[in-house]
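Student:
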Amino acid sequence: MSDEARDILEHAARLGNTVPLSALQAQVKGLQHLSESDQIRVLQRVRPSARRPHSPIPERPILLPALITDDTGAMHPFYRRLAEAAGHEVPQDPSRTWNDATQAVHDRYKKT
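No gaps in the numbering here: position 92 of the sequence shown is 1327 in this note's numbering, and each next residue is one more.
This is the structure we're talking about:
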């Protein structure tokens, strides 16, 4: 499931889009039937596959699941848990770090 989710999120990243969790659940077979905790575990295993070959600039870590939104396009409540599990510092109001994380993902995939 993590690989399927990664493929969908990477496609969205290349297009400069985000993905509502409900759309991701509809596209990744079985995801919607998992508990919230299990869905988060699946999403924590999503890692980017694209790398810029031979780049002299080190890549900063990105959080591909940052592209997951609620149905209105806003930050999904899962974001905090996913970011913290990935070692990202998340302030009391995570909206700014979410915007930065989303932009970092889009920037990375524009270059690939």
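By construction, the Cβ of each residue, glycine as well, lies at the ideal position given by its N, Cα and C atoms. This one's a predicted model, so the numbers in the text were calculated from it and none came from an experiment.
Under three-state DSSP, which class holds Val1254?
Tutor: strand
Student: Along the alpha helix (DSSP H) that carries Ile1297, what are the first and last residues, could you check?
Tutor: No alpha helix (DSSP H) holds Ile1297; DSSP gives it neither H nor E.
Student: How about Leu1302 and Val1340: are their beta carbons less than 8 Å apart?
Tutor: yes
Student: Do you know how far the Cα of His1311 is from the Cα of Glu1271?
Tutor: 12 Å
Student: Is it right to say Leu1250 is buried, meaning 16 or more other beta carbons lie within 10 angstroms of its own, or is it exposed?
Tutor: exposed
Student: Go ahead and pull the three-state DSSP assignment for Thr1304.
Tutor: Shown here, Thr1304 sits in a strand according to DSSP, grouped into three states.
Student: Excluding five sequence neighbours on each side, which residues of the same chain lie with their C-beta closer than 8 Å to the C-beta of Ala1240?
Tutor: The answer, listed in chain order, is Leu1259, Val1263, Leu1266, Val1277, Leu1278, Val1281, Pro1300.
Student: Could you tell me if Thr1307 is buried or exposed, where buried requires 16 or more neighbouring beta carbons within 10 angstroms of its beta carbon?
Tutor: With fewer than 16 other Cβ atoms within 10 Å, it is exposed.
Student: Please report the distance separating the alpha-carbon of Ile1275 from that of Leu1317.
Tutor: Put simply, the backbone Cα of Ile1275 is about 7 Å away from that of Leu1317.
Student: Could you give the distance in angstroms between the alpha-carbon of Pro1326 and the alpha-carbon of Ala1320?
Tutor: 14 Å
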